[in-house]
Amino acid sequence: MADTTQFDLVSPERRLASAAVTSVQIPGADGDMTAMAGHAPTITTLRPGVLSTEGPDGTSEYVVTGGFAEITAAGVTVLAERAMPKAEVTADDMAALVKEAEEALAHAKETFVNEPGPVDDAAKLLADMVAVGDHIRV
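Every position in the sequence shown, counted from 1, becomes a number in the numbering used here once 211 is added.
Laid out in structure tokens, this is it:
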């Protein structure tokens with residue numbers, strides 16, 4: 212059996228997971244990454260996406276909207292802005308997340324005229340939310 216590492220996923224609403232796993236696939240802001248036992252210490256921000264774990268009890272998947280992941284040799288802790296088990300995400304949930312991202316983009320365009328940075332960030336958030344919905348097919 213492969214080595215396991217402790218995985219904890221927490222959102223402001225609740226603790227979603229705490230388990231020994233063999234790997235955690237993380238939607239990092241700078242690209243996807245996989246953490247396993249013995250990983251070098253790393254802290255990364257999350258982009259909207261699907262976070263998945265593999266372990267003795269099988270595979271688990273969660274939709275995250277952002278946050279941070281701390282990876283150490285002993286474990287992975289994810290502090291998510293919002294997180295929900297992928298199996299529980301409905302089309303209405305995704306529509307609400309996309310609508311929020313659309314509103315954030317509209318607000319950024321109004322507030323930051325001729326300042327592409329914040330507008331680009333809001334546009335990327337919207338694109339990521341749409342991609343998550345497409346990926347999970349809701």
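The beta carbon of each residue, even a glycine, is placed where N, CA and C say it ideally should be.
- One alpha carbon belongs to M305, the other to E313, and they sit about 12 Å apart.
- Rounded to whole angstroms, L262 and A294 show a C-alpha spacing of 9 Å.
- Going by beta carbons, V289 and I347 fall outside the 9 Å limit.
- Ranked by Cα distance from P223, the first of G277, V287, A298 is G277.
- Contact annotation: P296 and S271 have beta-carbon atoms nearer than 9 Å.
- In the structure shown, the three-state DSSP call for E265 is strand.
- By a beta-carbon distance limit of 8 Å, T264 does not contact A240. Their separation comes to about 19 Å.
- Rounded to the nearest whole angstrom, the C-alpha separation of A317 and K335 is 13 Å.
- Beta-carbon to beta-carbon, D331 and P259 are separated by about 15 Å, too far to satisfy the 8 Å threshold.
- The residue from V343, R225, A246 with its alpha-carbon nearest to that of E281 is A246.
- T322 sits exposed, since fewer than 16 C-beta atoms from the chains shown fall within 10 Å of its C-beta.
- Linking L337 to V232 through their CA atoms gives a straight-line distance of about 31 Å.
- The C-alpha of A315 lies about 30 Å from the C-alpha of V235.
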